[in-house]
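Below is one structure, written out as structure tokens; comments come after it.
2 protein chains.
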Amino acid sequence: MNTKERIFDVSLDLFSKKGYDSVSLREIADEVGIKKSSIYSHYSAKELILIDIFEYFTDQFENNDLLNSKEFLLTPDNKALLQNPEMFYHKGSQAVKEMLSEKRNLKICKLIFIQMHHNENIRSFFKNEILIKPLMHWTNFFRILKEKKVIRKDTDPKLLAKEYYSFPIFLLLEMFVKYDDIPQSSIDNFFDETEDHILFILDCVKVK
Amino acid sequence: MNTKERIFDVSLDLFSKKGYDSVSLREIADEVGIKKSSIYSHYSAKELILIDIFEYFTDQFENNDLLNSKEFLLTPDNKALLQNPEMFYHKGSQAVKEMLSEKRNLKICKLIFIQMHHNENIRSFFKNEILIKPLMHWTNFFRILKEKKVIRKDTDPKLLAKEYYSFPIFLLLEMFVKYDDIPQSSIDNFFDETEDHILFILDCVKVK
DNA sequence: GTCTATAAACTGATAGAC
DNA sequence: GTCTATCAGTTTATAGAC
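Residue numbers (this note's numbering), protein chains in the order written: chain A, 820 to 1027; chain B, 820 to 1027.
So, in structure tokens, the structure goes:
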């Protein structure tokens, strides 16, 4: 592993444990085993490490083959979605699970949760990438199911999106408060619970 | 208002905006208009201000006449609960709304959310008072409704408690990320949305 | 005599200069 | 790498108010 990558990993590790502000460049340098000034050969400012970390995170999602395949496009003619929304969810959930099982990604996730109120970069990242975009995505999910009469017409896609999405966010918050290092079993459990949850919601609103 | 109260209010205000660690005693003293050593005539340590703030918060709930009345006891023979769970919820919700409409309490709430990962006191307060206790309360709520056959017997009270409770926590998180100062309209909206939410859940699981 | 405010000084951590 | 200045929370002694 080259130095830049080591700076990346050490920074992420420290940030996700102590928060961005409370970690000094000196600390990072010490842990990597280089001099503080040497960091500037790779990152010209502390903030750029943070931005690099976020880029890495979003890249993971933007380049995920499954999540970006035609099969997963939220369009009104997506047969996989309309015929079996439970399976549609399950497949997507598995793809996300694979990503969050990678230690780096989980650490970034935790970093976002613990630092969103203390850093403008992280706050806006949370607001856009963790709140607004996913809520739009799930609103679309339910809107199409409603349009195509898979779920009842007296439902509100926007409310259902919140009904669904508040649950996994709550579980993540719970995990990050409970654990410093999150065991794989908790991650597995997280995906099991969210799957039970979507089944519950779909069962409530599906046209029988 | 006496000095101790002014220290309390100024501290709460600063803590809820900048977080506990980033506020110095000097800052508090300056804002109050006294010298920092004078704070020690009222609080023998910075941490005791924080503890006082939490005590104030829990006292509000423990001394609320309505929430602690017989009418609100979660027992299997509570007629108000069994005959009209929606109204039971509504009354409790109104009581909590009154509390959160008091600026101090909302600030304390925000303080807890923004600092839970950075201070052991706050983290354990969040874990116990915001996560564990309310989840137990709502588990009881659904457990009794299930026992008394108000809701279906194939439901899981613990899951329903999470289904319900994750939603308001999500909304609070959303509010604290969005606003520095939360407008009353958002608080009103919060209680409207949570009420819609419990109606949705109850409608899903009630024996028809 | 008790309560409150303040000045001065101590200690530990840390950031910047050299 | 070491030195130094600074700032954090805290402690103590003291002075004044009631």
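All C-beta atoms in this analysis are idealised placements derived from N, C-alpha and C, irrespective of residue type, glycine included.
Interface with chain A (9 Å Cβ-Cβ cutoff): residue 1006 of chain B is excluded. Burial state of residue 998 of chain B is exposed, judged by a 10 Å Cβ sphere holding fewer than 16 other Cβ atoms.
Proximity of residue 982 of chain A to chain B, defined by a Cβ-Cβ separation below 9 Å, is satisfied. Contact of residue 960 of chain B with chain A is not assigned, every C-beta pair being separated by 9 Å or more.
Chain A places a beta carbon closer than 9 Å to that of residue 942 of chain B, counting this residue as a contact. The DSSP assignment places 844-851, 865-881 and 898-902 as complete runs of the alpha helix (DSSP H) inside the region 838-910 of chain A, in order along the chain (cut-off: 4 residues). Neighbourhood of residue 931 of chain A in chain B, by CB distance below 9 Å: empty, with the nearest CB roughly 11 Å away. Ranked by Cα distance from residue 959 of chain A, the first of A:979, A:943, A:1008 and A:1000 is A:979. Around the C-beta of residue 962 of chain A, 16 or more other C-beta atoms lie within 10 Å, and the residue is accordingly described as buried.
Rounded to whole angstroms, the Cβ separation of residue 924 of chain B and residue 876 of chain B is 6 Å, and the two are in contact under 8 Å.
Residue 883 of chain B and residue 874 of chain B have their C-alpha atoms spaced approximately 14 Å apart.
Note on geometry: alpha-carbon atoms of residue 888 of chain B and residue 879 of chain B lie some 14 Å from one another.
Counting along the chain, the unbroken alpha helix (DSSP H) around residue 925 of chain A starts and ends at 922-934. In terms of Cβ geometry, residue 822 of chain A and residue 857 of chain A form a close pair [threshold 9 Å]. Residues of the region 985-1018 of chain A with a C-beta less than 9 Å from any C-beta of chain B: 985, 986, 987, 988, 989, 990, 992, 993, 995, 996, 997, 1012, 1015 and 1016, listed in chain order. In this structure, the CA atom of residue 908 of chain A is about 13 Å from the CA atom of residue 987 of chain A. Between the region 925-944 of chain B and the region 831-838 of chain B, the count of C-beta pairs closer than 8 Å reaches three or more; the two stretches touch. The region 965-1017 of chain A is shown to contain whole alpha helix (DSSP H) runs of 4 or more residues at 976-997, in chain order. Residue 935 of chain B reaches chain A at 996, counting residues in chain order whose Cβ is nearer than 8 Å. Secondary structure at residue 1027 of chain B: coil, using DSSP grouped into helix, strand and coil. From the beta-carbon of residue 1023 of chain B, the residues of chain A found nearer than 9 Å are 1019, 1020, 1022, 1023 and 1024.
In the displayed model, residue 956 of chain A falls within a helix according to three-state DSSP. Across the region 848-872 of chain B, no CB contact with chain A closer than 8 Å is found for any residue. By the beta-carbon neighbour count (other beta carbons within 10 angstroms, threshold 16), residue 951 of chain B is exposed.
Spanning the alpha carbons of residue 906 of chain A and residue 824 of chain A requires a straight line of approximately 37 Å. Among the residues facing chain B, residue 832 of chain A is not included, as its CB has no counterpart in that chain under 9 Å away. DSSP places residue 947 of chain B within a helical segment (H, G or I) once states are collapsed to three. A Cβ-Cβ separation of about 11 Å leaves residue 859 of chain B out of contact with residue 826 of chain B under the 8 Å criterion.
Within the same chain, 965, 1024, 1025 and 1026 come within 8 Å of residue 971 of chain A by CB-CB distance, once the 5 residues on both sides are set aside. Only residues of its own chain outside the window of five on either side were considered, and among them 929 and 932 have a CB closer than 6 Å to the CB of residue 995 of chain B, listed in chain order. Taking a C-beta distance under 9 Å as the contact criterion, residue 901 of chain A and residue 967 of chain A qualify as a contact pair. Nearest C-alpha to residue 881 of chain B among B:1006, B:915, B:984 and B:982: B:915.
DSSP places residue 821 of chain B in the coil class of the three-state scheme, outside both helix and strand. Under the three-state reduction of DSSP, residue 938 of chain A is assigned to coil, being neither helix nor strand. Of the residues A:1010, A:981 and A:1014, the one whose Cα lies closest to the Cα of residue 1017 of chain B is A:981. What residue 950 of chain B touches in chain A, judged by beta-carbon distance under 8 Å, is 993 and 996, going in chain order.
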